[in-house]
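Those letters in the sequence shown? Residues 6 to 480, by the working numbering.
Working notes, structure below.
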Amino acid sequence: MGDTAKIAARSKKLFIKTYGCQMNVYDSGRMADVLAPLGFSSTDRPDDADMVILNTCHIREKASEKVFSDLGRLRVLKTGRVTAGRDMIIAVAGCVAQAEGAEIMARAPFVDIVLGPQTYHRLPEMVARAARSRDEAGMPQSRRGVLDTEFPAEPKFDHLPAPKADGPTAFLSVQEGCDKFCTFCVVPYTRGSEYSRPAADILREARGLVAGGAREITLLGQNVNAYHGAGPEAAVSWNLGRLIRELAEIDGLARIRYTTSHPRDMDDDLIAAHRDVPQLMPFLHLPVQSGSDKILAAMNRGHGRDDYRRIVYKLKEVRPDMALSSDFITGYPGETDRDFDDTLELVNEIGFVQSFSFKYSPRPGTPAAILKPQVADEVKAARLHILQQVLDAQLRHFNTSCVGRTFDVLLTGRGRNPGQLVGRSPYLQAVHVLADPAYVGAIVSLTVVSVEAYSLGAVWADSRASRPRTQAAHA
Ligand code: SAH
Ligand code: SF4
Ligand code: F3S
Numbered sequence: 006m007g008d009t010a011k012i013a014a015r016s017k018k019l020f021i022k023t024y025g026c027q028m029n030v031y032d033s034g035r036m037a038d039v040l041a042p043l044g045f046s047s048t049d050r051p052d053d054a055d056m057v058i059l060n061t062c063h064i065r066e067k068a069s070e071k072v073f074s075d076l077g078r079l080r081v082l083k084t085g086r087v088t089a090g091r092d093m094i095i096a097v098a099g100c101v102a103q104a105e106g107a108e109i110m111a112r113a114p115f116v117d118i119v120l121g122p123q124t125y126h127r128l129p130e131m132v133a134r135a136a137r138s139r140d141e142a143g144m145p146q147s148r149r150g151v152l153d154t155e156f157p158a159e160p161k162f163d164h165l166p167a168p169k170a171d172g173p174t175a176f177l178s179v180q181e182g183c184d185k186f187c188t189f190c191v192v193p194y195t196r197g198s199e200y201s202r203p204a205a206d207i208l209r210e211a212r213g214l215v216a217g218g219a220r221e222i223t224l225l226g227q228n229v230n231a232y233h234g235a236g237p238e239a240a241v242s243w244n245l246g247r248l249i250r251e252l253a254e255i256d257g258l259a260r261i262r263y264t265t266s267h268p269r270d271m272d273d274d275l276i277a278a279h280r281d282v283p284q285l286m287p288f289l290h291l292p293v294q295s296g297s298d299k300i301l302a303a304m305n306r307g308h309g310r311d312d313y314r315r316i317v318y319k320l321k322e323v324r325p326d327m328a329l330s331s332d333f334i335t336g337y338p339g340e341t342d343r344d345f346d347d348t349l350e351l352v353n354e355i356g357f358v359q360s361f362s363f364k365y366s367p368r369p370g371t372p373a374a375i376l377k378p379q380v381a382d383e384v385k386a387a388r389l390h391i392l393q394q395v396l397d398a399q400l401r402h403f404n405t406s407c408v409g410r411t412f413d414v415l416l417t418g419r420g421r422n423p424g425q426l427v428g429r430s431p432y433l434q435a436v437h438v439l440a441d442p443a444y445v446g447a448i449v450s451l452t453v454v455s456v457e458a459y460s461l462g463a464v465w466a467d468s469r470a471s472r473p474r475t476q477a478a479h480a
């Protein structure tokens, strides 16, 4: 019996903890898929697991540190299980694995497998190797670690099973990696250079997701709008606008989103797709990082504040209800009060409905980490606080302005309270409504009646529509 077949003989539990961005969420799903033929099914309890994968994020220092504290807890869990005569395979995947693989092996020798984001298709083989060295050594504790942080020539997507839909919303990775080298960012080092999947593979995966019940697909990429995959007529590559237009032809795919975009790649064709494709939702996460031209240049972003403003106005021209979201960094090296005021001014002009903002975190190996002078932590924190107050007020203002409005909501699952379902507005707000569970997967017309901390409360726009449904809901 081969190693893989031997391992598949028993059914086992897999616990995956995912940190970081949506691409990691997508990848965690793929890792679960590729391990399923080995007999692994998912559990949400690490203490119940035969295998634990930490799918990690390296973007800021705090994110990386969490991995080592989680590993400390896992070591205790693993020791307890081994003492009780059971085993636990621990794997570290994702961007910390890519950046600090050897260090993880040295600091945490109880880790069995360290694998970078481009090698997930090789995971079954790594599990077999880890088990084999355990058999040879006789004791699980002395198992030799498997480290694979290569950037293999063969794209992992060609070797991973097609994902199955898991509810009405799905992620679909279309592009990976980054060649932009913003001076603060680790992604070009952890994910490697830009790669776009062939359009035909994406269309096939999308059709499969829709056939499985997905009604909304979010196209993913670290630089999703830099997409330039081979079209079906090989010689011609497709840009993201073209890909979206073709996806919109799929029967039953009601909503399309894409994230994360870079302002430099927001071309006119993609902007026009927001005018032409009704399935494309009027919400865009378009990180600007700073409103100061001096800081944007120092960050190597390749665009100024006016370029950003122009893009936003073009988008609003073709889709007046377009809502924007952004990421911000405060206290990049050399940022003065004046630069920070430029950021506040841009925020006030654009008005964001959602945002993520962070203190600048120096990352090892990135150019900005060794710039002098760095901004004092208290200053970064004070600016972050001011910025977040403004951004929070904008979010609240937008949510409040939705009260009384009626829009289409895709119901995605059960809400917090009994009898409630939760769904997504076109602007990606969470919306709660009293509804029969059979409506999960339906797109329904709801009127917003209240604003809570992180969601909206709504009632059925047409009260007759809310009657219980007994069969699968398809609006
Ligand atoms: N590709 C996307 C961003 C990916 S990283 C883009 O170009 O916008 C997600 C966010 O993390 C970034 O937008 C940035 O705001 C933040 N980030 C990245 N590196 C950081 C660092 N060193 N310190 C603080 N925030 C950082
Ligand atoms: Fe990082 Fe810049 Fe690439 Fe975004 S575009 S992933 S911020 S290097
Ligand atoms: Fe983090 Fe890697 Fe995503 S560093 S944000 S998990 S690409």
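Think of the CB as a built atom: it goes at the ideal place given N, C-alpha and C, for glycine as much as any other residue.
Computed from a predicted model, the values in this text were never measured in an experiment.
For a quick check, are the C-beta atoms of residue i and residue j less than 9 Å apart?
i	j	result
ALA483	THR188	Limits of the chain in this structure are 6 at one end and 480 at the other, which puts residue 483 out of reach.
LEU291	SER330	yes
ALA107	LEU59	no
GLN27	THR195	no
HIS279	LEU248	no
PHE363	ALA328	no
LEU392	VAL358	no
ASP295	TYR337	Per the sequence shown, the amino acid found at residue 295 is Ser instead of Asp. In this structure, TYR337 lies closer than 9 Å to SER295 by Cβ.
GLY307	THR265	no
CYS183	SER201	no
GLY150	VAL179	no
Which of helix, strand or coil does DSSP assign to residue i?
i	result
LEU376	coil
SER69	helix
SER297	coil
LEU27	Reading the sequence as shown, one finds Gln at residue 27 and not Leu. In this structure, GLN27 counts as helix in the three-state DSSP scheme.
TYR365	coil
ASN60	strand
PHE345	helix
SER74	helix
SER201	strand
GLU181	strand
VAL323	helix
GLY106	helix
ALA480	Note on ALA480: pLDDT 41, under 50, position unreliable in the model; no value is reported.
MET144	Bear in mind that a pLDDT of 48 at MET144, under 50, signals an unreliable position, so the model cannot answer this.
ARG262	strand
THR411	strand
LEU43	helix
Is residue i near ligand 5, judged by its Cβ being under 8 Å from some heavy atom?
i	result
LYS71	What this structure holds is ligand 1, ligand 2 and ligand 3, not ligand 5.
Please report the distance separating the alpha-carbon of residue i from that of residue j.
i	j	result
HIS164	GLY99	18 Å
CYS407	ARG401	10 Å
SER460	ALA435	5 Å
ASP467	SER450	8 Å
ARG250	ALA205	13 Å
LEU252	ALA211	8 Å
THR48	LYS18	6 Å
GLU254	TYR31	23 Å
GLN146	LEU79	With a pLDDT of only 48 at GLN146, under the threshold of 50, the placement of this residue in the model should not be trusted; the figure read from the coordinates follows. About 13 Å.
LEU135	LEU128	Note on identity: in this sequence residue 135 is Ala, with Leu being the wrong assignment. Straight-line Cα distance between these residues: approximately 10 Å.
ALA259	ALA447	10 Å
LEU309	ILE276	The displayed chain sequence assigns Gly, not Leu, to residue 309. When rounded, the distance between both Cα atoms is 19 Å.
SER46	ALA37	8 Å
VAL39	ARG410	44 Å
THR124	ARG35	11 Å
MET271	VAL293	12 Å
GLY339	ALA303	9 Å
PRO51	PHE20	6 Å
GLY44	SER16	5 Å
ARG112	LEU76	10 Å
VAL81	CYS62	23 Å
PHE162	ILE207	10 Å
Relative to the C-alpha of residue i, which candidate in the options has its C-alpha closest?
i	options	result
THR335	MET327, ASP326, ALA328, ASP347	ASP347
VAL445	PRO338, ALA302, MET304, ARG220	ARG220
ARG419	MET286, THR411, SER430, ALA443	ALA443
VAL323	ASP273, PRO173, LEU208	ASP273
ARG65	PHE73, GLY77, GLY25, GLY34	GLY25
VAL267	ALA231, ASP326, LEU415	Val is not the amino acid found at residue 267; the sequence shown has His there. Checking every option, the nearest Cα to that of HIS267 belongs to ALA231.
Give the DSSP bridge partners of residue i, in chain order.
i	result
PHE333	GLN294, SER362
HIS279	Answer is none; HIS279 lacks a bridge partner.
HIS233	ASN244
ALA175	ILE222
LYS161	Paired residues: none, contrary to the question.
ASP153	LEU120
ARG86	Its beta-bridge partners do not exist; DSSP assigns none.
VAL532	Past the boundaries of the shown model lies residue 532; the chain is included only from 6 to 480, so the question cannot be answered.
THR452	THR411, VAL464
VAL97	LEU59, VAL119
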